[in-house]
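Below is one structure, written out as structure tokens, with a few remarks after it.
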Amino acid sequence: MSSMRCEKTGETRMNFIVCAKQGPHANILVVTDADLIGKVIEEGKLQLDLTKKFYQGEEKTKDKVKVMLSTCSHLHLTGKGAVAIGVEMELVNSDKILYVNGVPHAQVIVEN
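Residues in the sequence shown are numbered consecutively from 521, following our numbering.
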């Protein structure tokens, strides 16, 4: 995962690529571990093509991602860090995570 070390605390911070998209019925938030962008992950008939424009966005920290996730009703999460945030926030059921060649992926519709 892409990460940065904080000079003051020595803490490692993961970075994510985030894109908010306006769908016909709801807003979709796409969150991907930064180090996966530009890759194609395949396993059997499954494929995550992270080279697509759909996954392009702005780099954000975990704290910013958490704030953004709390405001959207449709979530598209790819990568260990992104999916872990969804699980941590109780938005993703760990039994429903799809793994493609070891990379976790989850799509969530949050009911209001």
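Heads up, the beta-carbon is just placed ideally off N, CA and C, and yes, glycines get one too.
If residue i and residue j are in contact, beta carbons under 8 Å, what's the gap, nearest whole angstrom?
{"i": "D553", "j": "K586", "result": "No, D553 and K586 are not in contact; Cβ-Cβ is about 15 Å, not under 8 Å."}
{"i": "L549", "j": "M588", "result": "6 Å"}
Measuring only the C-alpha atoms, how far is residue i from residue j?
{"i": "K534", "j": "E631", "result": "Per the sequence shown, the amino acid found at residue 534 is Met instead of Lys. Cα-Cα distance, rounded: 28 Å."}
{"i": "G543", "j": "S593", "result": "11 Å"}
{"i": "I557", "j": "Y575", "result": "7 Å"}
{"i": "N613", "j": "L595", "result": "13 Å"}
{"i": "K582", "j": "S590", "result": "12 Å"}
{"i": "H625", "j": "A546", "result": "20 Å"}
{"i": "I605", "j": "K584", "result": "11 Å"}
{"i": "D615", "j": "V551", "result": "19 Å"}
{"i": "D555", "j": "V607", "result": "20 Å"}
{"i": "V603", "j": "E579", "result": "16 Å"}
{"i": "E562", "j": "K573", "result": "18 Å"}
{"i": "L570", "j": "L611", "result": "22 Å"}
{"i": "V628", "j": "C539", "result": "15 Å"}
{"i": "M537", "j": "T598", "result": "It should be noted that the sequence gives Ile, not Met, for residue 537. About 10 Å."}
Counting along the chain, where does the beta strand (DSSP E) carrying residue i start and finish?
{"i": "L556", "result": "No beta strand (DSSP E) holds L556; DSSP gives it neither H nor E."}
Inset, instruction - Spell out a yes or no on whether the region 546-566 and the region 611-620 are touching, meaning 3 or more CB-CB pairs, one atom from each, closer than 8 Å. - result: yes
Legend entry - Length-filtered (3 minimum) beta strand (DSSP E) runs lying within the region 571-632: 578-581, 594-598, 618-620, 623-629
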